[in-house]
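Line order of the protein sequences matches chains A and B. In my numbering, each residue carries its 1-based index in the first sequence increased by 12. In my numbering, each residue carries its 1-based index in the second sequence increased by 2. Beta carbons are placed, not taken as given, at the ideal position from N, Cα and C, and that holds for glycine. This structure is a prediction, so every number in the text was calculated from the model and none was measured. One structure below.
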Amino acid sequence: MDAKNRELGAFTPGQVTEGRYFGSSDAREAIVNESYASREGLGRGDTVTLGGKTFTIVGIAQTPLGGQSSDVYVKLGQLQELADRTGRVNTVYVRAESADDVATVAAEIEQTVDGASVTTAEDLADRVSGTLVDAKNLAGKLGTALTIVGLLAAFLIASLLTLSSVTKRVREFGTLKALGWSQWRVVRQVSGESLAQGALGAVVGIALGVAGAALVGALAPSLEATVGGAVEDAGPRFIGPFGQGAVSASTTDVALEAPVGGRPRPRRCGSCSPGGFGGGRGRGPPSGTAATRGCPPAHRLKRGEKRERDRSRSGSRL
Amino acid sequence: MSVTDPDPVPVYELRDVSKTYELGGGRVHAVREVTATIAAGDAVAVAGPSGSGKTTLLQLLGGLDRPTSGSVLFEGRDMSTMGDGDLGALRLRTFGFVFQQFNLIPTLTAAQNVEVALAPRGGRAADRRSAVLGLLDSVGLASRGDHLPSKLSGGEQQRVAIARALANEPHVLLADEPTGNLDSETGAEIIEVLLSLSAEGRRTVVVVTHDADVAARAHRIVRMHDGRIVPSDELAPATIGSHS
């Protein structure tokens, strides 16, 4: 993690749920993922050993959904030194000034940085959105299947109840025939009663069904996903021999984000400022100045979309 | 024990009537070669032990079943050759049935149970309700019309059943063990009601019973055993009723 650029990276200081973000000293500090800390029973003040070096845990972070999280995060410089990979990174986060610029910036990065793979927040959102659509379709098909099964079961139960009722009423029908009722009249009477009961049951059933559906709709969680700033395949992991994503100059990932809606607020983002790439928009990160800054949640779907749009309008970046 | 009947034509004439059922691979001869006549306005008790064929004979008289052989003539018409529709019409307009178990519909009130017998004839509902009230009044239950059968005593239920049987002003009243589920006092009252119906309206009443006291109150007694009519001193062999 590039501790000097806190607002763009795998996570931001706001996502540190316990403890604090990296300090400015040279002390060996580590921030661990929540789930990893829970699994290993780690807490603030505990230590982890990486490459023979001991790091003190200063915070526990909640890594965003959609990002490929790591277990342990340390300062970039210390990890580069530890991995003997000075000046090298595996993921660079870039924030464009406007959503309209994303495509251009992505193209420029890919053109400029040999072997760079650019993943925009929109790409990730589309991937997650597609998954949600699939899940929604699956839920819809399941509901249809259950409806058909329910109707068949209801028909079967109604038929059995009617048959049972007729069986119990044999004496009654015999009496009616003795009183002069014709066979047709008896059948018509039974059918009429069954239809009336069926209609009444249908009305009650529909009312209960609608009420039940409304209740489920009100209480059940909706399909929703949040795409964080640490986009998939872009989160810095243990660099070098300690992590899963070993640094390689030819496999640099670039996570590109931008405000949506094309707000006319040109603003140089952190990743393009000194300490980031050190260059203008669209430039690739010069070797040795890569930025791994945290960024806010990038994209939300459904209800999340609206929230994020509101946030964007109020000045947040997506 | 006989009643005067100027009508020379008997209401019923049974000619060598037999009824056989196929049960469990075997044959049961419920009624065997019965030949008899019943005069109009007569009150006949059919007595005998269980399984003697009393109820089967009553079902044949009421057109609820057809004989296996022989003929059952009602007012000169052979019921054994009638279609279901004709038999149904005959039951509706000519016969009234009273059962041992009352056979009232439990979900209907006493008045509605009586009205059930009037329903096939159609007509205005108000007229039917008026007729029902009159019928219930005739059996002493005018104030019990709104009660469900479960709220009535056995005697009251049987009175409702009699009112229902009389709804279409039948010529013939057929009662199957009408006192079988009643205590002796209530049973006597019911028999009195049935016999009075015979006396009042020249209505023919046939009562199946195994109760000797009930049978003794009828104008005629027919004793049955193993599906056959047993000759007695009071009754000419194979003859029910009298025209003398």
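Is SER194 of chain A close to chain B? Criterion is C-beta to C-beta, closer than 9 angstroms. Yes - at least one Cβ of chain B is within 9 angstroms of the one on SER194 of chain A.
Leaving out five residues before and five after LEU120 of chain B in sequence, what residues of the same chain have Cβ atoms less than 8 angstroms from its Cβ? ARG130, ALA133, VAL134, ALA169 and ASN170
For a quick check, are the C-beta atoms of THR75 of chain A and ALA42 of chain A less than 9 angstroms apart? no
Quick check on VAL232 of chain B: does DSSP put it in helix, strand or coil? strand
If you reduce the DSSP assignment to three classes, tell me which class ASP80 of chain B lands in. strand
Quick one: what's got a C-beta closer than 7 angstroms to GLN159 of chain B's C-beta in the same chain, skipping five residues either side? PHE104, LEU106 and PRO151
Buried or exposed: which applies to ILE307 of chain B, given that a residue is buried once 16 or more other Cβ atoms fall within 10 Å of its Cβ? Because chain B spans 3 through 246 in this model, residue 307 of chain B falls outside it and cannot be assessed.
Name the chain B residues whose beta carbon is nearer than 7 angstroms to that of GLU205 of chain A? Contacts between GLU205 of chain A and chain B, judged by CB atoms closer than 7 angstroms, are missing: the closest CB pair is about 10 angstroms apart.
Is there at least one Cβ from chain B nearer than 9 angstroms to THR143 of chain A's Cβ? no
Given a threshold of 16 other Cβ atoms within 10 Å of its Cβ, counted over all protein chains shown, does TYR23 of chain B qualify as buried or as exposed? exposed
Which complete beta strand (DSSP E) runs does the stretch 35-101 of chain A hold, if anything under 3 residues is left out? 41-45, 59-62, 65-73 and 84-86
Measure the Cβ-Cβ separation of GLY142 of chain A and ALA170 of chain A and say whether it is below 9 angstroms. The answer is no: Cβ separation not under 9 angstroms.
Would you mind telling me which residues of chain B sit closer than 9 angstroms to ARG200 of chain A, beta carbon to beta carbon, in chain order? Correct list: empty, because the minimum Cβ distance to chain B is about 11 angstroms.
At a cut-off of 8 angstroms, is ALA220 of chain B close to the ligand ATP when judged by its beta-carbon and the heavy atoms of the ligand? Only the bare structure without any ligand can be found here, which leaves the ligand ATP out of the picture.
Taking only three categories from DSSP, how would you classify VAL202 of chain A? helix
On the DSSP bridge assignment, give the partners of HIS173 of chain B in chain order. According to DSSP, HIS173 of chain B bridges with nothing at all.
Taking 7 angstroms as the limit between beta carbons, can you name the residues of its chain near THR188 of chain B, skipping five residues before and five after? GLY156 and GLY157
6 angstroms Cβ shell around GLU117 of chain B - same chain, five flanking residues per side excluded: ARG130 and VAL134
So is GLY99 of chain A buried or exposed if we call it buried at 16+ other beta carbons inside 10 Å? So GLY99 of chain A ends up on the exposed side.
Cα-Cα, which of B:LEU175, B:THR83 and B:THR211 is closest to ALA190 of chain B? B:THR211
Contained alpha helix (DSSP H) runs [length at least 4] in the stretch 113-148 of chain B, N- to C-terminal order: 127-140
C-beta neighbour in chain B for GLY186 of chain A, strict 9 angstroms: yes
Checking contacts by CB at 9 angstroms: is GLN103 of chain B closer than that to chain A? yes
Taking only the alpha-carbon atoms, compute the straight-line gap between LEU144 of chain A and LEU150 of chain A and give it to the nearest angstrom. 10 angstroms
If you measure beta-carbon to beta-carbon, which residues of the stretch 102-130 of chain B are closer than 7 angstroms to chain A? ASN105, ILE107, VAL118, ALA119 and PRO122
May I ask you to list the residues that DSSP assigns as paired with ILE218 of chain A? Beta-bridge pairing links ILE218 of chain A to no other residue.
Beta-carbon spacing of LEU154 of chain B, ARG146 of chain B below 9 angstroms: yes
Could you tell me the distance, in whole angstroms, from the CA atom of ARG200 of chain A to the CA atom of GLY192 of chain A? So the alpha carbons of these two residues sit roughly 15 angstroms apart.
Could you tell me whether the Cβ atoms of ASP18 of chain B and GLY87 of chain B are closer together than 9 angstroms? no
Where THR96 of chain B sits in the DSSP three-state scheme: coil
My assumption, with CB atoms under 8 angstroms, is that GLY182 of chain B sits in contact with GLN102 of chain B. Please give the rounded CB distance. 4 angstroms
Taking 8 angstroms as the threshold, find out whether the stretch 33-52 of chain A comes into contact with the stretch 85-93 of chain A through three or more Cβ pairs. yes
Terminal residues of the continuous beta strand (DSSP E) containing GLU24 of chain B? 14-25
Report the neighbours of ARG93 of chain B on chain A: residues whose CB is nearer than 8 angstroms to its CB, in chain order. LYS189, ALA190, LEU191 and GLY192
Start and end residues, alpha helix (DSSP H) containing GLU30 of chain A: The continuous stretches of alpha helix (DSSP H) do not include GLU30 of chain A, which lies in the beta strand (DSSP E) extending over residues 28-31.
Contact between the stretch 102-115 of chain A and the stretch 57-64 of chain A (3+ Cβ pairs under 8 angstroms): Between the stretch 102-115 of chain A and the stretch 57-64 of chain A there are fewer than three C-beta pairs closer than 8 angstroms, too few to call the two in contact.
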